[in-house]
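K.L.:
Please read through the structure below; I'll follow up with questions.
Next comes the structure, spelled out in structure tokens:
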């Protein structure tokens with residue numbers, strides 16, 4: 009079935025592909041748009057912007073989210089900023105440069121045409137958000153301000169203090185509210201999609217659980233848009249929100265949508281270190297801090313020991329005894345190397361015994377040089393809320409002593425396979441934002457997730473989905489009493505009944521933590537063949553334990569958070585295995601995927617372009633069957649493939 | 022650290038609630054308040070699955086439901102009235118950022134849901150804040166569609182104005198202001214949005230209309246009036262000040278004069 013992987017990348021020069029493609033896409037006339045229904049799953053930047061834009065066009069939209077309000081989607085927590093090739097700083101930025109740096113940052117594992125389009129519409133996003141009233145940071149003359157982010161050599165990141173995601177989401181949520189008020193969008197908060205319904209092989213609806221009443225409900229549409237985010241919580245501890253999960257995307261996979269590059273998970277270098285086993289999640293400290301913060305560990309082991317015993321303070325260690333290892337190893341980019349590089353470098357120092365806290369798993373992020381240069385007030389203005397957050401969590405003052413940080417799971421580049429139109433291998437099912445795989449390759453650059461979510465939702469999907477819907481407007485409303493809905497609902501009910509009837513000895517969280525340990529140990533920052541094989545076996549065993557010995561408290565006809573968690577964990581236990589399988593197959597190191605067998609002498613990633621320059625798209629083959637992998641070859645016609653170099 | 026917890030339990034919106042008392046032990050001072058509740062819940066689930074414990078009468082109402090998500094103080098999902106204060110004893114934090122080191126070993130902690138006519142209880146500590154969405158749907162936006170907007174730098178906004186607008190825009194919609202107000206007023210929430218938009222040239226155009234529509238919706242949904250006690254400002258985890266209420270009043274009066 010490899011012929012399902014038709015990427016639909018338009019012919020012609022890179023810079024003209026999207027323009028030309030748009031002219032060839034079919035459109036639906038306004039009168040017919042009113043007859044069409046679209047379901048959008050998720051209300052983060054992708055989902056909210058898509059639902060609002062589709063509503064404005066005149067479609068009937070139903071938008072679902074698991075939280076009590078669309079505004080709480082996890083995009084809200086993005087801190088640092090959003091990239092756009094505006095070249096406002098006159099530092100020679102361009103669409104091409106943003107495109108090039110994104111492909112390079114992703115270690116040459118993303119699609120040229122998709123990434124170019126992303127860079128092309130990036131400027132429109134800023135204009136759109138300003139018009140909506142997003143209070144971006146401004147210079148004293150009233151123009152928009154910029155800062156720098158990792159992997160970029162220009163300053164193109166727009167920001168609103170350390171709350172950029174919040175402000176962009178509130179902008180999209182406001183646009184959504186306007187459509188809800190206008191009646192084009194109907195909002196279903198506290199609803200969780202539990203299955204996708206196909207009719208004649210096309211996506212025509214969903215089964216959802218009303219999280220307040222426990223009712224299982226059917227919703228029909230002419231098309232379904234998945235904007236449900238990533239699957240980083242497979243690791244239990246991550247920077248994702250507690251309720252973020254991969255279940256909606258996973259149900260689509262099980263209904264036939266291919267899952268691409270599941271092993272590409274991003275480990276963010278600057279998170280607050282783990283403090284103990286009572287911990288429920290990890291907190292990110294924005295990458296923007298690397299603009300002014302310098303990362304170091306002591307040069308001398310005796311200083312490390314004294315730090316761990318709290319006999320000395322970090323500020324007691326003289327300048328010449330500090331190892332600013334990123335500046336030492338990567339002089340050209342210094343502290344602003346991409347995330348995967350910075351994470352591995354921290355791990356390398358900690359593995360070598362230079363970790364600075366009791367657990368040996370932390371490095372310093374130090375602002376003393378910047379505070380000397382700019383003064384406390386300037387630093388407070390730039391990062392005040394982040395410093396406050398750090399202080400509240402750790403009880404130490406980062407204005408006086410350096411922060412302690414360590415890498416943590418943050419984002420998943422893999423996701424549902426989509427073509428250039430953002431359509432999955434199931435006709436009528438679209439995936440946008442973090443839920444798809446297309447733009448970030450093996451590693452996402454900072455401030456690019458917000459860019460992609462909004463690009464997809466505001467400027468790409470509303471165009472491309474019309475091409476499919478133009479074939480649909482003659483179809484009547486989807487009938488939710490169809491046998492396909494009947495069957496899907498029956499299966500969902502049976503799954504819930506089964507979970508509640510096990511009544512075993514382990515809580516949902518206990519099993520999730522075990523899965524997290526397996527994932528972090530064997531499918532984390534460094535992976536190898538033996539470990540990955542072991543992980544697959546361990547996850548299978550754990551899955552058995554889950555289905556025979558989990559205890560799900562409460563009942564199904566009520567608000568029941570334990571049941572919600574159990575349903576999601578059942579899927580994480582399958583996603584984890586696919587991640588390990590994909591990592592095992594990809595016998596090369598690229599981006600966030602580091603295979604120990606494939607490294608250079610100085611410990612950098614070693615790609616194998618000859619054998620692995622492809623997207624691995626996995627097809628579900630049934631329970632306990634091995635999935636089948638399909639390859640989409642990646643072609644680089646405009647970029648010269650090179651080894652990523654952040655040294656010179 | 023060990024604690025005695027008095028927690029409000031309520032099966033659903035229709036049933037009556039009551040307090041139940043629990044003990045938790047060996048809590049790390051570095052644990053967050055919600056992590057402490059996670060530990061309690063694990064304990065309650067284990068009790069529930071132990072038939073002997075159930076026979077002894079240990080059966081509680083099961084794990085405690087509470088809203089939470091990002092656990093880094095930005096999504097606004099977590100709530101909780103802790104020892105009579107919204108988001109607990111620490112200043113300028115949400116409950117998820119409150120740490121147990123702010124309490125003393127052996128303390129008794131009373132935990133209640135937000136109490137307000139505008140926020141009916143769904144279960145235990147979870148309340149329904151749909152009213153906030155409805156207020157924003159009444160006008161908490163700038164009426165622009167996707168596309169066809171001017172260049173971002175075409176609109177000049179002074180640094181100070183952008184910062185002031187951002188102060189209001191920082192609202193996370195948690196509802197602490199309503200829960201803490203003796204009148205159950207949503208004025209600070211409404212004002213933060215109205216003022217943040219009214220400060221910007223893009224938002225000024227609809228300023229008066231917006232203020233009127235949002236205030237009318239707030240009244241309609243059963244939120245109380247503002248009597249300037251400033252309790253909301255004291256408890257706002259994002260330090261949103263009542264100066265925004267002053268700006269809302271100005272916009273509102275302008276609208277009334279035009280009528």
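Protein chains in written order, with the working numbering: chain A, 9 to 656; chain B, 22 to 280. All residues carry an ideal CB built from backbone N, CA and C; glycine is no exception.
Relative to the C-alpha of residue 569(A), which candidate in 92(A), 123(A), 515(A) has its C-alpha closest?
P.N.:
Within the first chain, the letter at position 561 stands for residue 569(A). Looking at the Cα atoms, 515(A) is the closest of the given residues.
K.L.:
By DSSP, does residue 9(A) sit in helix, in strand, or in coil?
P.N.:
One-based indexing of the first chain puts residue 9(A) at position 1. At residue 9(A), the pLDDT of 45 sits below 50, so the modelled position is not reliable and the matter cannot be decided from this model.
K.L.:
When you compare each of 585(A), 622(A), 540(A), 520(A) to residue 577(A) by their alpha carbons, which one comes out closest?
P.N.:
Here residue 577(A) refers to the residue found at position 569 of the first chain. Selected option, being the one with the closest Cα: 520(A).
K.L.:
Along the beta strand (DSSP E) that carries residue 29(B), what are the first and last residues, could you check?
P.N.:
As a working mapping, residue 29(B) is identified with position 8 in the second chain. Looking at the DSSP string, the run of the beta strand (DSSP E) that includes residue 29(B) is 24–30.
K.L.:
Check the C-beta distance from residue 238(A) over to residue 572(A) and give it rounded, since I have them as a contact under 8 Å.
P.N.:
On the first chain, residue 238(A) is found 230 positions in, with the first residue counted as 1. On the first chain, residue 572(A) is found 564 positions in, with the first residue counted as 1. Between residue 572(A) and residue 238(A) the Cβ distance is about 18 Å, and since that is not below 8 Å, they are no contact.
K.L.:
For residue 146(A), decide whether its Cβ has a neighbour in chain B, counting only Cβ atoms nearer than 9 Å.
P.N.:
Against the first chain, residue 146(A) aligns to sequence position 138. For residue 146(A), the answer is yes, since a Cβ of chain B falls inside 9 Å of its Cβ.
K.L.:
So, at 7 Å on beta carbons, what are the nonlocal neighbours of residue 16(A) in its own chain, with the 5 sequence-adjacent residues on each side left out?
P.N.:
Position 8 of the first chain holds residue 16(A). The answer, listed in chain order, is 427, 428, 429.
K.L.:
Mind reading off the beta-carbon distance from residue 229(A) to residue 495(A)? Whole number of angstroms is fine, and I expect it under 8 Å.
P.N.:
On the first chain, position 221 is the one that residue 229(A) refers to. On the first chain, position 487 is the one that residue 495(A) refers to. That belief does not hold up - the Cβ atoms of residue 229(A) and residue 495(A) are roughly 18 Å apart, past 8 Å.
K.L.:
Between the stretch 184–195 of chain B and the stretch 197–212 of chain A, are three or more C-beta pairs nearer than 8 Å?
P.N.:
no
K.L.:
Return yes when the Cβ of residue 233(A) is within less than 9 Å of the Cβ of residue 84(A), no when it is not.
P.N.:
The count along the first chain starts at 1 and reaches residue 84(A) at position 76. The count along the first chain starts at 1 and reaches residue 233(A) at position 225. Contact flag unset, no.
K.L.:
Using the beta-carbon count (16 or more within 10 Å), is residue 216(B) buried or exposed?
P.N.:
Start at 1 with the first residue of the second chain, and residue 216(B) comes out as number 195. The residue is buried, with at least 16 neighbouring Cβ atoms inside 10 Å.
K.L.:
Measure the CB-CB distance between residue 109(B) and residue 22(B) and report whether it falls below 9 Å.
P.N.:
Within the second chain, the letter at position 88 stands for residue 109(B). Within the second chain, the letter at position 1 stands for residue 22(B). Cβ atoms of residue 109(B) and residue 22(B): not closer than 9 Å.
K.L.:
By the 10 Å Cβ neighbour count, where 16 or more other Cβ atoms means buried, how is residue 303(A) classified, buried or exposed?
P.N.:
Here residue 303(A) is taken as the residue at index 295 of the first chain, counted from 1. Buried, by the Cβ-count rule.
K.L.:
Hey, quick one: how far does the alpha helix (DSSP H) through residue 1(A) stretch, first residue to last?
P.N.:
Because residue 1(A) is not part of the residues shown, which for chain A are 9 to 656, the question remains open.
K.L.:
Are there 16 or more other CB atoms within 10 angstroms of the CB of residue 26(B), so buried, or fewer, so exposed?
P.N.:
Here residue 26(B) refers to the residue found at position 5 when the second chain is read from its first residue. Buried.
K.L.:
To which residues of the same chain is residue 232(B) closer than 7 Å at the C-beta, ignoring the five residues directly before and after it?
P.N.:
Locating residue 232(B) in the second chain gives position 211, where the first residue counts as 1. Sequence-distant partners of residue 232(B) (beyond 5 residues in either direction) whose C-beta falls short of 7 Å from its own C-beta, in its chain, are 215, 269, 272, 273, 276.
K.L.:
Whose CA, out of 53(A), 67(A), 95(A), 94(A), lies closest to the CA of residue 82(A)?
P.N.:
On the first chain, residue 82(A) is found 74 positions in, with the first residue counted as 1. Out of 53(A), 67(A), 95(A), 94(A), 53(A) has the C-alpha closest to the C-alpha of residue 82(A).
K.L.:
Does DSSP put residue 461(A) in a helix, in a strand, or in coil?
P.N.:
In the first chain, the residue the question calls residue 461(A) occupies position 453. It is helical.
K.L.:
Just list the beta strand (DSSP E) runs in the stretch 354–397 of chain A, keeping only unbroken ones of 3 residues or longer that don't cross its boundaries, in chain order.
P.N.:
371–374
K.L.:
Is there contact here, the stretch 239–259 of chain A with the stretch 409–417 of chain A, by at least three beta-carbon pairs under 8 Å?
P.N.:
Flag = yes, the stretch 239–259 of chain A and the stretch 409–417 of chain A touch.
K.L.:
Suppose you measure from the CA of residue 29(B) to the CA of residue 40(B); what does that come to, to the nearest Å?
P.N.:
To locate residue 29(B), count along the second chain from 1; it is residue 8. To locate residue 40(B), count along the second chain from 1; it is residue 19. Here the alpha carbons of residue 40(B) and residue 29(B) stand approximately 4 Å from one another.
K.L.:
So what's residue 158(B) in DSSP terms, helix, strand or just coil?
P.N.:
Taking the second chain and counting its residues from 1, one reaches residue 158(B) at position 137. In the structure shown, residue 158(B) sits in a helix (DSSP, three-state: H, G or I).
K.L.:
Please confirm whether residue 130(A) has its beta-carbon closer than 9 Å to some beta-carbon of chain B.
P.N.:
Locating residue 130(A) in the first chain gives position 122, where the first residue counts as 1. For residue 130(A), the answer is no, since every Cβ of chain B falls outside 9 Å of its Cβ.
K.L.:
Check this for me: beta carbons of residue 126(A) and residue 447(A), under 9 Å apart or not?
P.N.:
Taking the first residue of the first chain as position 1, residue 126(A) is located at position 118. Taking the first residue of the first chain as position 1, residue 447(A) is located at position 439. Contact: yes.
K.L.:
Which residues, in order along the stretch 388–408 of chain A, keep a beta-carbon less than 9 Å from a beta-carbon of chain B?
P.N.:
389, 393, 396, 397, 400, 401, 402, 403
K.L.:
Pull up the distance between the alpha-carbon of residue 652(A) and that of residue 11(A), whole angstroms please.
P.N.:
Mapped onto the first chain, residue 652(A) falls at position 644. Mapped onto the first chain, residue 11(A) falls at position 3. Approximately 32 Å, taken between the alpha carbons.
K.L.:
So, residue 324(A) versus residue 362(A), is the Cβ gap smaller than 9 Å?
P.N.:
As a position in the first chain, residue 324(A) is number 316, starting the count at 1. As a position in the first chain, residue 362(A) is number 354, starting the count at 1. Contact: no.
K.L.:
Assuming residue 598(A) and residue 450(A) form a contact by the criterion Cβ under 8 Å, report the distance between their Cβ atoms to the nearest whole angstrom.
P.N.:
Residue mapping note: residue 598(A) aligns to position 590 of the first chain, counting from 1. Residue mapping note: residue 450(A) aligns to position 442 of the first chain, counting from 1. A Cβ-Cβ distance of about 4 Å is found for the pair residue 598(A) and residue 450(A), placing them in contact under the 8 Å criterion.
K.L.:
Could you list which residues in chain B have their beta carbon closer than 8 Å to that of residue 96(A), in chain order?
P.N.:
Reading the first chain from its first residue, position 88 is the one you call residue 96(A). Neighbours of residue 96(A) on chain B, chain order: 174.
K.L.:
Would you please verify whether the beta carbon of residue 164(B) is less than 9 Å from any beta carbon of chain A?
P.N.:
Along the second chain, one-based indexing puts residue 164(B) at 143. Residue 164(B) counts as touching chain A.
K.L.:
Assuming residue 245(B) contacts residue 204(B) under a Cβ cut-off of 8 Å, what Cβ separation, rounded to an integer in Å, is found between them?
P.N.:
Residue 245(B) sits at position 224 when you count from the first residue of the second chain. Residue 204(B) sits at position 183 when you count from the first residue of the second chain. So it is a contact: roughly 3 Å between Cβ atoms.
K.L.:
Mapping the DSSP letters down to three states, classify residue 263(B) as helix, strand or coil.
P.N.:
Here residue 263(B) is taken as the residue at index 242 of the second chain, counted from 1. Three-state DSSP puts residue 263(B) in coil, outside helix and strand.
K.L.:
Check this for me: beta carbons of residue 154(A) and residue 167(A), under 9 Å apart or not?
P.N.:
As a first step, residue 154(A) must be located in the first chain, where it is residue number 146. As a first step, residue 167(A) must be located in the first chain, where it is residue number 159. Going by C-beta atoms, residue 154(A) is nearer than 9 Å to residue 167(A).
K.L.:
Hey, is residue 515(A)'s beta-carbon within less than 9 Å of any beta-carbon in chain B?
P.N.:
Here residue 515(A) corresponds to residue number 507 of the first chain, with the count starting at 1. Yes, contact with chain B.
K.L.:
Could you give the first and the last residue of the continuous beta strand (DSSP E) run that contains residue 40(B)?
P.N.:
Counted from its first residue, the second chain places residue 40(B) at position 19. It spans 39–45 - the beta strand (DSSP E) in which residue 40(B) sits, taken as one unbroken run.
K.L.:
Using only the alpha-carbon positions, how far apart do residue 263(B) and residue 54(B) sit?
P.N.:
The sequence position of residue 263(B) within the second chain is 242, counting from 1. The sequence position of residue 54(B) within the second chain is 33, counting from 1. Rounded to the nearest angstrom, the two C-alpha atoms are 28 Å apart.
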